[in-house]
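In this note's numbering, the protein residues as written are 75 to 327.
Glycine included, C-beta positions come from ideal geometry on N, C-alpha and C.
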């Protein structure tokens, strides 16, 4: 009897110990909301921080002026906004020496050429997309000049003397502009032939500002009534083809 009581007591102690150990072990393996490492590593805040390091829309968008085919002109601001159908003002300008170096205006040059339409493009020698676009404009000029189209490629390069650009090259401190214009001075952009389209000089940027230009290249198509038909900013072959199609429509082809 005595041994039986001792055995029962021993078994009771063992059973109680097992229950205690089981309870303790269970509390260590049962995850709580506050203690789960996974929850801490996948919060919305953590995901946002990771994306903000280069994977959000904001992080992957190109800064203004760094698009492949468009360059923002530094310091160029204008509140002017022209829409299709608006009358384009009779802007005055001076032509580059290669275009006789004379003074003219949009209306005057259209009248002198009995123009059905006019393409006006703004560019600069430091703008690579602009220089890529020039051969297409020259080709457009050659193809339609005898059919009533005038093409003006207006440079916004800021020279002191807006007429004698080549003479002012010796006085400019901008070697890049100097080198670019001397190279362009050969005027051999297509098949070794000289540029024949007119080149207005918008050194003071009065023309471009009057039309709301803040980025280049910027192209306008104007009809015989001096109304804006079409405009685009930037250069790629798709935009050129769209311009050509609009020219054909205005010319009645």
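*What separation, rounded to the nearest whole angstrom, lies between the Cα atoms of residue 151 and residue 282?*
Looking up residue 151 in the chain shown gives position 77. Looking up residue 282 in the chain shown gives position 208. Going from the Cα of residue 151 to the Cα of residue 282 covers about 10 Å.
*asked:* Output needed for residue 154: all residues of its chain with C-beta closer than 6 Å, excluding positions within five of it in sequence on either side, in chain order.
replied: Against the chain shown, residue 154 aligns to sequence position 80. Taken in chain order, the residues that qualify are 286.
_Which residue wins for smallest C-alpha separation from residue 300, given the options 183, 143, 145?_
Position 226 of the chain shown holds residue 300. Comparing Cα-Cα distances from residue 300 to each of 183, 143, 145, the minimum goes to 183.
_For residue 163, three-class secondary structure by DSSP_ = Residue mapping note: residue 163 aligns to position 89 of the chain shown, counting from 1. Here residue 163 sits in coil by DSSP.
_DSSP state of residue 177 mapped onto helix, strand, coil_ = Walking along the chain shown from the start, residue 177 turns up at place 103. Three-state result, residue 177: strand.
*C-alpha distance - residue 197 paired with residue 206, whole-angstrom precision*: Within the chain shown, numbered from 1, the residue matching residue 197 stands at position 123. Within the chain shown, numbered from 1, the residue matching residue 206 stands at position 132. Looking at the two C-alpha atoms, the distance is approximately 10 Å.
*asked:* Strictly by DSSP, which residues pair up with residue 272?
replied: Numbered from its first residue, the chain shown carries residue 272 at position 198. 226.
*Taking the alpha helix (DSSP H) that residue 314 falls in, what are its first and last residues?*
Stepping through the chain shown from its first residue, residue 314 is reached at position 240. Segment 311-325, the alpha helix (DSSP H) holding residue 314.
_For residue 323 and residue 148, the rounded distance between their alpha carbons_ = For this step, residue 148 is matched to residue 74 along the chain shown. For this step, residue 323 is matched to residue 249 along the chain shown. Residue 148 and residue 323: Cα-Cα distance of roughly 35 Å.
*Excluding the five sequence neighbours on either side, which residues of its own chain have a C-beta within less than 6 Å of the C-beta of residue 292, listed in chain order?*
The sequence position of residue 292 within the chain shown is 218, counting from 1. If we look at residue 292 and ignore the five residues flanking it on each side, its Cβ neighbours are 196, 307.
*Under 9 Å between the Cβ atoms of residue 273 and residue 226?*
Taking the first residue of the chain shown as 1, we reach residue 273 at position 199. Taking the first residue of the chain shown as 1, we reach residue 226 at position 152. Cβ distance < 9 Å, so residue 273 and residue 226 count as in contact.
*For residue 326, which option in 280, 190, 276 has the closest C-alpha, if you only look at C-alpha atoms?*
Taking the chain shown and counting its residues from 1, one reaches residue 326 at position 252. If we check each option's Cα against that of residue 326, 190 comes out closest.
*asked:* Between residue 294 and residue 302, how many whole angstroms is the CB-CB distance? I'm expecting something under 8 Å.
replied: In the chain shown, residue 294 corresponds to position 220, counting from 1. In the chain shown, residue 302 corresponds to position 228, counting from 1. Sure, about 6 Å apart at Cβ, within 8 Å.
*Starting from residue 192 and walking both ways along the beta strand (DSSP E), at which residues does that stretch end?*
On the chain shown, position 118 is the one that residue 192 refers to. Residue 192 -> beta strand (DSSP E) spans 191-197.
*Spatial neighbours of residue 192 in its chain, beta-carbon cut-off 6 Å, leaving aside the 5 residues before and after*: Mapped onto the chain shown, residue 192 falls at position 118. Counting only Cβ-Cβ distances below 6 Å, and skipping sequence neighbours, we find 184, 224, 296.
*Local conformation of residue 111 per DSSP, three classes*: Position 37 of the chain shown holds residue 111. Because the pLDDT of residue 111 is 32, which lies under 50, any placement of that residue in the model is unreliable, and the number read from its coordinates should be weighed accordingly. Correct three-state label for residue 111: helix.
*To which residues of the same chain is residue 316 closer than 8 Å at the C-beta, ignoring the five residues directly before and after it?*
As a position in the chain shown, residue 316 is number 242, starting the count at 1. For residue 316, where only same-chain residues beyond five positions count, the Cβ hits under 8 Å are 304, 306.
*My guess is that residue 276 and residue 229 are in contact by the Cβ rule of under 8 Å, so how many angstroms apart are they, rounded?*
Residue numbering aside, residue 276 sits at position 202 when the chain shown is read from its first letter. Residue numbering aside, residue 229 sits at position 155 when the chain shown is read from its first letter. At roughly 7 Å, the Cβ-Cβ gap stays under 8 Å, so residue 276 and residue 229 are in contact.
*residue 289, DSSP secondary structure in three states*: Counting from one through the chain shown, the residue named residue 289 turns up at place 215. Three-state DSSP puts residue 289 in a strand.
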